[in-house]
Amino acid sequence: MAKHKSFTVATKVNVYFCDPQSPWQRGTNENTNGLLRQYFPRKTDLSGYSQADLNKVALRLNQRPRKTLDFETPASKLHASVASTG
1 MAKHKSFTVA
11 TKVNVYFCDP
21 QSPWQRGTNE
31 NTNGLLRQYF
41 PRKTDLSGYS
51 QADLNKVALR
61 LNQRPRKTLD
71 FETPASKLHA
81 SVASTG
């Protein structure tokens, strides 16, 4: 985290941190990390995975029902949200 600025410059990937006054953000972050650990153990070098491999994991996670979403999937919640704005 201390080198987030140099990381952003080198990779052109923005780095975001949880707001200190929003404890729910941290819980969501930790939950997501736990889900990702099912596919990529700690200190996994992601350079050994293709973009197709990473896309498969993202698809599986986005199609997984979540208790915090009343057992709906993130994909279905996003679809409903986008559909309601169109």
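Residue 12 in UniProt numbering sits at position 12 of the sequence shown, with consecutive numbering throughout.
Think of the CB as a built atom: it goes at the ideal place given N, C-alpha and C, for glycine as much as any other residue.
Distance, Cα to Cα, P65 vs K77? 10 Å
Since N55 and P74 are thought to touch, with beta carbons under 8 Å apart, how far apart are those beta carbons, to the nearest angstrom? Wrong, their Cβ atoms sit about 15 Å apart, outside the cutoff.
Roughly how many whole angstroms lie between the Cα atoms of Q38 and A58? 12 Å
My output table needs one value for R42: the three-state DSSP class, helix, strand or coil. coil
With a CB to CB cut of under 7 Å and the five nearest residues on each side skipped, what residues in its chain are close to L35? L61
Within the same chain, show all residues whose beta-carbon is closer than 8 Å to that of R26, passing over the 5 residues directly before and after it, in chain order. C18
Between the Cα of T28 and the Cα atoms of T11, S6, K67, which residue gives the shortest distance? K67
Could you tell me which uninterrupted alpha helix (DSSP H) segments, each at least 4 residues in length, are contained entirely in the UniProt domain "Integrase catalytic" (1-82), listed from first to last along the chain? 4-11, 23-37, 51-62
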